[in-house]
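Heads up: the structure comes next, in structure tokens.
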Amino acid sequence: MPDWYDSPGPIRVEGGLRARTQRGSIGSTWWSRRFVDILERVCDRGRLSRGRSYARQGQVRTIDLSPGEVVASVQGSRPDPYEVVIRIEAYGEKRWAAVEESIAQQAVHRAKLLAGEMPPEIEEVFAAMGLDLFPRDLDMECSCPDWGFPCKHLSAVLYLLAESFDDDPFLVLAWRGRTRAQLLGSLAGEPADDPLHVPDVPFADRLADFYSPGATAHRQERRPAAATGLLLRVFPPPAGLASTLAPAYERLADA
Amino acid sequence: MWTEDGLAFWAEVSGPSPTTRNTPGPTAITRFPELPSSEESPERATAEEGPESTALGTRPGPAAFEEGAEKAAVRREVKPAAGKRAGRAGRSVPVHPFAVDAAEVAAVLGLDDAPARELELLLPGSPRQPVPSPETGRAADTTRPRLRPWRVPAVVVAPVAALTVPAAHPGTATMRHWAAVSAFAHDLVRRGRVVPQLVPALPPAPTERGAGMWAVWRPVVTGVDAAYFRELALAMPPACRACGGERPSGEVLRAALEAFADAYVRRTLTEPLVARPRTTADRWLAALTGDAPACPDVPELRRQLEEWYAAVAASEGATRLCLRLLEPTDTDADADADSDSGGDGWRVELALQAADDPSLYVPAATIWSGEAPAVLPGSPERDLLAGLGRAVRLYPELDRALRTARPSELTLDTAGAFAFLRQSAPLLQAAGFGVQLPRWAGRTRLGLKLTTRTRTQSQAAASQGFGLRELVDFRVDLAVGDETISEEELAELARLKVPLVRVRGQWVELEDRQLKAALRAVESGRVGQAAAGDLLRAVVGSGDDDELPLLEVDADGVLGDLLSGQAERRLTPLPTPSGLDATLRPYQERGLAWLSFLSELGLGGVLADDMGLGKTVTTLALLVHERADAPTLLVCPMSLVGNWQREAARFAPGLRVYVHHGSGRDAAEIERADLVITTYGTAQRDLETLSRHAWRRVVCDEAQAIKNSGTLQARAVRSIQAGTRLALTGTPVENHLAELWSIMEFANPGLLGPRARFRSRFQEPIEARQDEQAAAALRRATGPFILRRVKTDKSVISDLPEKLEIKEWCPLTPEQATLYQAVVDDMLAKIDSSEGIERRGLVLSAMARLKQVCNHPAHLLKDGSRLAGRSGKLARLEQLSEEILAEGEKALLFTQYAEFGAMLQPYLAERLDRPVLWLHGGLPKKTRDRLVDRFQNDPEPMLFVLSLKAAGVGLNLTAASHVVHVDRWWNPAVEDQATDRAYRIGQRKNVQVRKLICAGTLEERVDEMIERKKALAERVVGTGEEWLTDLSTDELREVFRLTAEGVR
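Residue numbers (UniProt numbering), protein chains in the order written: chain G, 1 to 255; chain R, 1 to 1048.
Set out below in structure tokens:
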């Protein structure tokens, strides 16, 4: 790769987007795995990992995702950042309406979406209508003068994008034209009231029993303490933390 | 007290006047301390506190509160208020005049190097001093307190160092509250209900790289936990949230709980989560363990963790997903068929349940049809779907149900239903989902049934000489539920190879290992002969077999009576024996028959009737009934000796009673007695002497005293040989399994096996896992030997009067006796040389002082000294209260002395660890109403201490089923009026009224006078206690005289 053009190295960016993982690979979930598959077709692992080190330095200033288009700004060695654009096909209203109808046929989709998970079955829904959820090819370009393709700016953005998909599956849908909220419609509603809210008796009414309990707190019935790791199973932690945290949760049973 | 920087404790001087604190004893008799004078200088008060602050937490000593470091969001919100904190507040805020020096507080709590700080607390009080906390025993100098800021020295402790401090010093209500908060945090952590977070540090750390943020473990409080959280917040004493102003209890509690939970996790996780941190995220992980939570910010990670927390916290909101297993509804159930495979057609019904009202259960089908009741909180469709999305992670099978647009149920085959029962249901339940199983689940099992038949035709009652050595025929069958099944049926079940089978209409879970055990069992001997006693032991010990439990016993004769656990009902009641000066109630006649039946078989028993049902008179009736040659030894706590003596004299005047106790005891008397009464302490000391005698029986009263089997007293009492044993207890023994073993080991040594085996076989399964089967086995093992009737039993309640009046005699301690004598001598010396109004005044004041001595030395001395172990009456009151609370009931405790009530309330609250309310004349109406409302409506068992004058009339306290007159106002009309607070004519509820009387004192003598001429008393005594002043000096001497027998 003719690197001479950018030497003596890129201009440092204050507050750039940094890659989260500093080792290991991305693609811990099925959906980001699918995206990484595509990347690896487009550019080999080597390139991707070079993109990662670029991303690690925080050279990517911004990434904006809108239906059909990801626009990123990457700081190279020139004063003006390069613009990276990655396009896929955003589906129109008609096709989304059909997808939504199809999603509504099986509660499993909505259930998993509401539980914060991307249902694997959703790909089948798209496929059944002759649509792709994940792009087969990526239409991308970078404003840098680099001849290599994809250039390191592109691969840094691709890397960060894959990482984002790992964390938030709904970005894939948003790229295709539907946010989670749009998809779930009324179901995405407002969270309930704070269950920990307590109305207080003002001090002024407690002057005579200022040091005494105002009510009885009934000791709760204890749920079995057998499985401290349940929380992790029901609510998978973000950022690939599951395997690190699991042993810690096991030990909590002995607290 | 909760502040922003860490747990903090502060304390107040106890006692009405710091100068005379803790100087009890006879020598103090000549000067009765006054109430504290308000001009007492603050410096002096603090200086005088000195080493006496050891009282903190264990007795009516200084109040203590803590504060803890707040982290995360709450802390940030509090920051603006920091300007109000003490230290910056300026000199205008006065110093708390009775606050204890911080270094002393630290010393008492064992927190040596905890930093001291000055807090500014908002406390009610007069301009001169804050209202003291009830535990100090000091009186307020104002009846109209106002809120003012006070500067208070305190000790600040980091949460991790303070986790156990409150529980170790439970002497004040505030400390107990924080102990409960700490326990709650501990419980959340143990159940894994915490989520790691990345939050801004407080106070804001330097901006250099690698600081500025904290890694913390945040508790997740949802569902049942949220309900408990709200209760804890409502219960929080205002004093816990008065630092720097009036702070919301929810916010304070949340901050404390977060700090505690984080500390518990750090205490537990001793190994770092990452070996060598490389990234910023790793440094966050590393900061999740150890002492230093500081780490650099990782905005992306922080956002994700926040979302994670939000998802977890929102999961169990107002409703939760509920899964209900339904059996096949096959209409062609054939009751005659030996068995069938059950086929398929099992269903799991999906539903939503309200978190705070599980009875609000709405099936998914109803929700989809849009007909969900409006009372269902939240958004039902969303909650249902989100719940399903989470549940499917634990129960992948559920996915099949979600393939429709509006899932309402999951169909299962039999194997699937079994898997749900055994594996998924417990998992789902543990994760907070609602799970409902059919009634038979976990209950109806394959097991054994034992049938025994006596060989002789005479179905003899025990009294006809039938012994446990007699041979009986027995047969063992296989059984399912209450049906026996044949070998052929068993073979058929084995052939089906399904884990859920239907036997004669009943579903049964059938595991492979059970089947194998059953096949083995039918191959070995199933019919034979054995001694009744051996079979008894076999049945009692049968809980051992986990695979094939003994499900049912069908026995006749004595064995049948015994094993049924219904002997009391099967036996012919024994009428009141002649020689007993009382008429037994029908249930007492049955109790007598039961006691006599066991005695004749040489078996020990436990009479555990509710208090007030007459265990004493029933026991006396047994002695009168059997007229044994050898004496019975009765061991009881000191506080009950006088009671037994008086009850025996009253109900069984023919019994020769000897009290073996005190310095004048003479073992030679034992031979001439029918009943020997002694105390646990004396029994242990005189073990050798007592062991030399041949006893008809040993009786332990208040058998809780031997509940700890390892104590010397328990060993001593067990080692005394006797024909038979009897334990009396008013505490429901079945709730305290370790005690149950101990008591049974006394009554029937060896019957329940060694302690260790009892623990693994019964105690742990029942207490830790609520194992129904182990509980049933234990009931069967102990049932024959325990008779427990409760007041509300249909067969008992109709025999009881609506209002039961009981007198309780209590002893005086030596200290009380000395004080009593001093007061009497003092009065008699002065009275001769006085007359008229002066004489009346002397008599009345002496009488008041004597009654105070009877209550407690500290009541007379008013010196704020410790209460425990110094008053026989208080000891008895404590015992009674314990029993009442253990029965889950409420009691009113009346005293005519407000100052004594003020002493009782904090003392009992600490000792009993239950709510103790206190109503006196100084309370504003709003507060009274709130107390009465709480007493009437809170289901928690509790005590209500009331000043007779403030509460004698007008209040409606019908939630009480017990009334105790702690001291006497010798005016039946006044006492009855007070009693009527709990008792309403026409209301079908039994109320027990107890009057505490110190034996050998004027309390007993005046009571006798009233009893002797009850009709007269109404008139004479009607005006109060004035009539006593008209007695001659000789009469007074007689009334006030202290007789030795009352002293312990």
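All residues carry an ideal CB built from backbone N, CA and C; glycine is no exception. None of the values given here were measured: they were computed from a predicted structure.
Apply the 10 Å Cβ neighbour rule to T289 (chain R) and answer buried if 16 or more other Cβ atoms are within range, or exposed otherwise.
buried
For a cutoff of 7 Å on Cβ pairs, would you count A64 (chain R) as touching chain G?
Below a pLDDT of 50, predicted positions are generally treated as unreliable, and A64 (chain R), at 33, falls in that range; the measurement from the model is reported next regardless. Not one chain G Cβ lies under 7 Å of A64 (chain R).
Got a sec, what are the start and stop residues for the beta strand (DSSP E) W346 (chain R) sits in?
346–354
In this structure, how does DSSP classify T927 (chain R) when only helix, strand and coil are distinguished?
helix
Among R:G605, R:T576, R:F597, the one whose alpha carbon lies nearest that of V617 (chain R):
R:T576
Ignore the nearest five residues each way along the sequence and tell me which others in K707 (chain R)'s own chain have a CB closer than 6 Å to its CB.
E739, S742
Report the CB separation of E870 (chain R) from A858 (chain R) in whole angstroms; it is logged as a contact under 8 Å.
Here the sequence assigns Arg to residue 870 (chain R), which means Glu is not the residue at that position. Indeed they touch by this definition, with Cβ atoms about 7 Å apart.
Buried or exposed, going by whether 16 or more other CB atoms sit within 10 Å of the CB of S463 (chain R)?
In this prediction, S463 (chain R) scores a pLDDT of 42, lower than 50, which makes its location untrustworthy; the coordinate-derived value is nonetheless stated afterwards. That one is exposed.
List the whole-angstrom C-beta distance separating D609 (chain R) from L787 (chain R), where the pair is believed to meet the contact cut-off of C-beta under 8 Å.
7 Å
If I measure Cβ to Cβ from S881 (chain R) and keep anything under 7 Å in the same chain, skipping five residues before and after, which residues do I get?
A891, L908, L912, L943
Answer yes or no: does any C-beta atom of chain G fall closer than 7 Å to that of D938 (chain R)?
yes
Give me the Cα-Cα distance between S126 (chain R) and A242 (chain R), rounded to the nearest whole angstrom.
17 Å
Per DSSP, which one or two residues make a beta bridge with Q977 (chain R)?
Answer is none; Q977 (chain R) lacks a bridge partner.
At what residue ranges does the segment 539–603 of chain R contain a whole run of the beta strand (DSSP E), taking only runs of 3 or more?
550–555
For a contact meaning CB atoms closer than 8 Å, what does A239 (chain R) contact in chain G?
F210, Y211
Among the residues of its own chain, which have a CB less than 8 Å from the CB of L917 (chain R), if the five just before and after it don't count?
Q905, L931, R934, F935, M942, L943, F944, V945
What three-state label does DSSP hand W741 (chain R) in the structure shown?
helix
L230 (chain G) vs A246 (chain G) beta-carbon contact at 7 Å:
no
Exposure label - K794 (chain R); buried when at least 16 CB within 10 Å
exposed
Reduced DSSP secondary structure (H/G/I, E/B, other) of M903 (chain R):
helix
Cβ contact check for the segment 579–598 of chain R and the segment 652–666 of chain R: 3 or more pairs under 8 Å:
yes
Rounded to the nearest angstrom, what separates R50 (chain G) and A292 (chain R) at their Cα positions?
35 Å
Taking C-beta to C-beta, are A727 (chain R) and F746 (chain R) nearer than 7 Å?
yes
Which complete alpha helix (DSSP H) runs does the segment 147–174 of chain R hold, if anything under 4 residues is left out?
159–162, 165–168
At the level of alpha carbons, what is the spacing between L640 (chain R) and S359 (chain R)?
47 Å
Let's test the definition: count the other Cβ atoms within 10 Å of the Cβ of M175 (chain R) and tell me whether it reaches 16, buried, or not, exposed.
buried
In whole angstroms, what separates the C-alpha of residue 1067 (chain R) from that of L633 (chain R)?
A query on residue 1067 (chain R) cannot be resolved here, the shown segment of chain R reaching from 1 to 1048 and no further.
Pick from R:L493, R:V796, R:L877: whose alpha carbon is nearest that of F894 (chain R)?
R:L877
For the alpha helix (DSSP H) containing Q197 (chain R), name the first residue and the last one.
From DSSP, Q197 (chain R) is part of no alpha helix (DSSP H) but of the beta strand (DSSP E) over 194–200.
Using the Cβ count rule (16 or more neighbours within 10 Å means buried), how would you classify F900 (chain R)?
buried
Beta carbon of P67 (chain G) nearer than 7 Å to that of G148 (chain G):
no
Can at least three beta-carbon pairs, one atom from the segment 825–841 of chain R and one from the segment 610–630 of chain R, be found at a separation below 8 Å?
no
Given F9 (chain R) as reference, the closest of R:S865, R:E568, R:W178, R:G432 once Cα atoms are compared:
R:W178
Near D1030 (chain R), which residues of its chain fall below 8 Å by C-beta distance, leaving aside the five closest residues on each side in sequence?
none
Candidates R:P407, R:R400, R:G389, R:V157, of which the one nearest S369 (chain R) by Cα:
R:P407
Can you give the Cα-Cα distance for V553 (chain R) and G560 (chain R), rounded to whole angstroms?
8 Å
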